[in-house]
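Read top to bottom, the protein sequences are chains V and L.
Letter by letter, the first sequence follows residues 26 to 318 in my numbering.
Letter by letter, the second sequence follows residues 379 to 655 in my numbering.
Ideal placement from N, C-alpha and C gives every residue a C-beta, glycine not left out.
The structure under discussion appears below in the form of structure tokens.
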Amino acid sequence: ALSDRLQGVFRSLRGRGALTPEDVDQALREIRLALLEADVHFKVVKQFLERVRVRAVGQDVLKSLTPDQAVLRVVRDEMVALFGGGDAARLQGSSRLPAVVLMTGLQGSGKTTSTAKLARWLVQGGHHPLLVSTDVYRPAAREQLRTLGQQNNLQVHHPESLTQPRAILESALTEARSVGHDFLLVDTAGRLHIDDELMAELEELKRASQPTEVLYVADAMTGQDAVKSAEEFHKRVGTTGIVLTKLDGDARGGAALSAASVTGCPIKFAGVGERVDELEPFQADRMVGRILG
Amino acid sequence: LRGRRPLEPADLDAIEEALLAADMGVPAVAEAMEVLRARSREVWTEGRDAMRGLLRQELLRQLEQPAPAARTAARPWVVFLVGVNGVGKTTTIGKLARAERAAGRTALLVAADTFRAAAAEQLQVWAERTGAAFHRGAEGADPSAVLTDGLRAARSRGHDTVLVDTAGRLHTKGNLMAELAKMSRVAAREVPDAPHETLLVLDATLGGNALAQAREFAKAGGVTGLVLTKLDGTAKGGVAVAVVRELGVPIRHVGLGEAAEDLVPFDASSFVDALVG
Ligand SMILES: Nc1nc2c(ncn2[C@@H]2O[C@H](COP(=O)(O)OP(=O)(O)OP(=O)(O)O)[C@@H](O)[C@H]2O)c(=O)[nH]1
Ligand SMILES: Nc1nc2c(ncn2[C@@H]2O[C@H](COP(=O)(O)OP(=O)(O)OP(=O)(O)O)[C@@H](O)[C@H]2O)c(=O)[nH]1
Ligand SMILES: [Mg+2]
Ligand SMILES: [Mg+2]
Chain V
26 ALSDRLQGVF
36 RSLRGRGALT
46 PEDVDQALRE
56 IRLALLEADV
66 HFKVVKQFLE
76 RVRVRAVGQD
86 VLKSLTPDQA
96 VLRVVRDEMV
106 ALFGGGDAAR
116 LQGSSRLPAV
126 VLMTGLQGSG
136 KTTSTAKLAR
146 WLVQGGHHPL
156 LVSTDVYRPA
166 AREQLRTLGQ
176 QNNLQVHHPE
186 SLTQPRAILE
196 SALTEARSVG
206 HDFLLVDTAG
216 RLHIDDELMA
226 ELEELKRASQ
236 PTEVLYVADA
246 MTGQDAVKSA
256 EEFHKRVGTT
266 GIVLTKLDGD
276 ARGGAALSAA
286 SVTGCPIKFA
296 GVGERVDELE
306 PFQADRMVGR
316 ILG
Chain L
379 LRGRRPLEPA
389 DLDAIEEALL
399 AADMGVPAVA
409 EAMEVLRARS
419 REVWTEGRDA
429 MRGLLRQELL
439 RQLEQPAPAA
449 RTAARPWVVF
459 LVGVNGVGKT
469 TTIGKLARAE
479 RAAGRTALLV
489 AADTFRAAAA
499 EQLQVWAERT
509 GAAFHRGAEG
519 ADPSAVLTDG
529 LRAARSRGHD
539 TVLVDTAGRL
549 HTKGNLMAEL
559 AKMSRVAARE
569 VPDAPHETLL
579 VLDATLGGNA
589 LAQAREFAKA
599 GGVTGLVLTK
609 LDGTAKGGVA
619 VAVVRELGVP
629 IRHVGLGEAA
639 EDLVPFDASS
649 FVDALVG
């Protein structure tokens, strides 16, 4: 664990009196290794370490009786700050109903499952969400959302005869307005951030629905690529929050730090299982402990 | 020796960052850099290009070791696709079904993912698209029971190949890994030496966790080969190098998209070129 490694670094320096900035550099090297091993992107690591270094060469660390703990505290504080403080488990509503939540992300990241999870979470909070899938590409994608809806008593709009994402979305908006749903959750097809045609489609869906939330659904097991994809989605469709999935595994989850850092978006929710009730508000301090190991 | 110069720290840093960015992982990158430093003393190098050449050689050496076992005349030839959630197992089966048809063989697709919503429906579409036969059970049925019925159907109908779709499962879930081990035993009871292939599907976007996945799946049901999917994205899949070394099995196929034709045999040199840059 990083705490042990930092202890090791500072143990060898004990009895020399106050720390020097060079001693702090040695600690930073340990932190760098820990973050890289946790799959944080190497550029994000560089930027993050710089923020830590600036604070770590301050008097309260250099003069501390337990410098390893002082440095660790700085690392933890900076990381929690990067995660947006961790109280973001809210979906922005709208006075103009329905408030639209657009689910976006790479193939297989957990969008469809998370759409159903968020709907259930909204229902628990006393809301009346409508769900719709605009994924006309993946075999049985719309069936998947429909089945999740049936299994969990969620309202899913399923205009069988429509085959265009834009038309499906418009149909769902009409349905939501006429029935009075206060939220419309829109599942979209997985797509590569470098697929210009599909990214343009996503931009079009955003323009047509004016969402209050554009959520980027990211797989916690993602490696260095997390930066590229999160950044591109954020640039093209203006993501407002991140849902981190598959946290019930043992991936260290450095992708979380990469995605949050490069987009400036808060991680709002954590997927912690395949069942629709396995969604939690994202807990920043827990994530920090997991990444640091 | 005109134009040749020893390696500079900036060159080494640039190469190290490229390898890290490709998800090769801290230990493998450190090891590759060590090899580079050691070998760069024995040859005059011409800066980064020559360094990349050395690296390419080293990585190719690591990847080309295990040669894939040849397919026998066993009938039906049974292939399991396994891996964690969302990596591309079902889609890869669709692509393999198309390849079987192109090779003049008949295939039966078995929907042994009885858990996830619309999993069987998804596989059925692939069967229709590729002209393969299809077998499923009821939603929530025991996957081993669906597998048994599917294998019996394949034997009685004389299918050449059986492609078995399994549910995505995190390697940390003991009960799900035990279920996979049971499916392997059940297959062996129905068809001698089945499953003849167990392909572990790895998503190119995976980070270091792929290694833990590989270890657990190898322990649970045995893994005979790897499929690396989504290499049409920007992720390089560098973690596959560590997996190949650890498991001693080859990367068999590479997924380059979402359509039935988007599967190619693994080509080590183009893979390594993309890693090293
Ligand atoms: N263990 C675990 N599995 C999850 C979680 N979220 C989603 N999954 C699983 O991940 C797989 C992919 O989920 P989907 O919801 O189909 O992903 P998607 O992003 O909609 O996929 P595409 O539409 O193909 O891009 C499924 O097997 C889900 O059950 C999670 O938090 N934990
Ligand atoms: N771009 C790209 N997408 C792929 C590739 N292979 C699969 N996909 C996509 O990844 C998503 C998940 O694929 P699935 O085949 O459902 O994955 P799975 O492993 O069966 O998922 P679960 O059964 O839920 O665990 C789908 O949107 C596929 O179209 C690939 O090689 N490239
Ligand atoms: Mg989906
Ligand atoms: Mg599947």
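Can you tell which of T172(V), D244(V) and L90(V) has the C-alpha that lies nearest to the C-alpha of E517(L)?
Nearest of T172(V), D244(V) and L90(V) to E517(L), Cα basis: T172(V).
According to DSSP, L634(L) sits in a beta bridge with which residue or residues?
DSSP, once it has assigned bridges, lists no residue as partnering L634(L).
Quick one: give me the first and last residue of the alpha helix (DSSP H) that V221(V) is part of.
For clarity, residue 221(V) is Asp in the given sequence; the question names Val instead. Per DSSP, the unbroken alpha helix (DSSP H) holding D221(V) starts and ends at D221 to S234.
Within the present structure, is the beta-carbon of N463(L) separated from the nearest heavy atom of ligand 1 by less than 7 angstroms?
Distances between the C-beta of N463(L) and the heavy atoms of ligand 1 include at least one below 7 angstroms.
Return the chain-ordered list of same chain residues with a C-beta closer than 8 angstroms to the C-beta of V632(L), the five sequence neighbours on each side being excluded.
Apart from sequence neighbours up to five positions away, the residues of its chain that approach V632(L) with a beta-carbon distance below 8 angstroms are V605, L606, T607, L609, L641, V642, P643, F644, D645 and F649, ordered along the chain.
Within 8 angstroms of any Cβ in chain V, is that where the Cβ of D581(L) sits?
Using a Cβ-Cβ cut-off of 8 angstroms, D581(L) counts as an interface residue toward chain V, since at least one Cβ of chain V sits closer than that to its own.
Pull up the distance between the alpha-carbon of S28(V) and that of Q308(V), whole angstroms please.
Taking the Cα positions, S28(V) is about 20 angstroms away from Q308(V).
Which residue marks the beginning of the beta strand (DSSP E) containing A81(V), and which one marks its end?
That residue, A81(V), is in no beta strand (DSSP E); its alpha helix (DSSP H) goes F67 to A81.
Using a Cβ-Cβ cut-off of less than 8 angstroms, list which residues of the segment 555–569 of chain L approach chain V; keep chain order.
Listed in sequence order: no entries.
Let's see if you can read the secondary structure: which residues bound the beta strand (DSSP E) around A243(V)?
Counting along the chain, the beta strand (DSSP E) containing A243(V) begins and ends at E238 to D244.
What is the DSSP secondary structure of S158(V), reduced to helix, strand or coil?
Look at S158(V) here: in three-state DSSP terms it is strand.
Going along the chain, which residues of the segment 55–81 of chain V sit with their C-beta nearer than 7 angstroms to a C-beta in chain L?
From the segment 55–81 of chain V, only L58, L61, E62, D64 and F67 have a Cβ closer than 7 angstroms to chain L.
Say yes only if the C-beta of A497(L) is nearer than 7 angstroms to one or more non-hydrogen atoms of ligand 4, and no if none qualify.
Because some heavy atom of ligand 4 lies under 7 angstroms away, the Cβ of A497(L) counts as near it: yes.
Based on the DSSP output, what are the partners of E305(V) in its beta bridges?
The partner list for E305(V) (beta bridge, DSSP) reads A295(V).
To the nearest angstrom, how far is it from the Cα of V262(V) to the Cα of E228(V)?
Cα to Cα, the separation comes out at about 6 angstroms.
Using a C-beta cutoff of 8 angstroms, does G611(L) count as contacting chain V?
At least one CB of chain V lies nearer than 8 angstroms to the CB of G611(L).
Presumed contact (8 angstroms Cβ cut-off) between T138(V) and F258(V), rounded CB distance:
18 angstroms between Cβ atoms; not a contact.
Output needed for G248(V): all residues of its chain with C-beta closer than 6 angstroms, excluding positions within five of it in sequence on either side, in chain order.
Excluding sequence neighbours, G248(V) sits near D64.
Under 8 angstroms between the Cβ atoms of S196(V) and H182(V)?
With respect to H182(V), S196(V) sits close: the two C-beta atoms are nearer than 8 angstroms.
Taking T539(L) as part of the beta strand (DSSP E), name the residues at either end of that continuous run.
That run of the beta strand (DSSP E) goes T539 to T544.
Shortest alpha-carbon distance to V242(V) belongs to which of L217(V), G135(V) and D212(V)?
For the residues L217(V), G135(V) and D212(V), the minimum Cα distance to V242(V) belongs to G135(V).
Could you check the C-alpha separation between E409(L) and L31(V) for me, to the nearest Å?
Between the alpha carbons of E409(L) and L31(V) lies a gap of roughly 24 angstroms.
Determine whether the Cβ of P154(V) lies closer than 8 angstroms to any Cβ atom of chain L.
Against chain L, the CB of P154(V) has no partner CB under 8 angstroms away; the residue lies outside that interface.
Is it the case that the segment 534–544 of chain L contacts the segment 455–464 of chain L, given that we only count it when at least three CB pairs across the two stretches are under 8 angstroms?
Touching, per the Cβ criterion.
Can you tell me which residues form a DSSP beta bridge with D581(L)?
Partner(s): T607(L).
In chain V, what lies closer than 9 angstroms to D401(L) by C-beta?
What D401(L) touches in chain V, judged by beta-carbon distance under 9 angstroms, is D64, G248, Q249 and D250, going in chain order.
Meets three-Cβ-pair contact criterion under 8 angstroms: the segment 154–164 of chain V and the segment 211–219 of chain V:
In short, these stretches touch, since the Cβ pair count reaches three.
I'd like to confirm something about A214(V): is its beta-carbon nearer than 7 angstroms to some heavy atom of ligand 1, or not?
Correct: A214(V) has its Cβ closer than 7 angstroms to ligand 1.
Burial state of E47(V) (16 or more Cβ within 10 Å):
So E47(V) counts as exposed.
Rank K253(V), A81(V) and E238(V) by C-alpha distance to the C-alpha of A400(L) and give the top, closest one.
Of the listed residues, the one whose Cα sits closest to A400(L) is K253(V).
When the cut-off is 8 angstroms and only beta carbons count, does E168(V) lie next to chain L?
So yes, E168(V) belongs to the interface.
Which value, in whole angstroms, describes the spacing of the CA atoms of V621(L) and R476(L)?
One Cα belongs to V621(L), the other to R476(L), and the distance between them is close to 27 angstroms.
Answer yes or no: the CB of A166(V) versus the heavy atoms of ligand 5, is any distance below 7 angstroms?
Inclusion of ligand 5 in the displayed structure is not the case, the ligand content consisting of ligand 1, ligand 2, ligand 3 and ligand 4 alone.
D273(V): contacting residues in chain B (beta-carbon distance under 7 angstroms)
The chain labelled as chain B is not found among the protein chains of the depicted structure, namely V and L.
Return yes when the C-beta of K467(L) is under 7 angstroms from any heavy atom of ligand 2, and no when it is not.
Result yes, Cβ under 7 angstroms from ligand 2.
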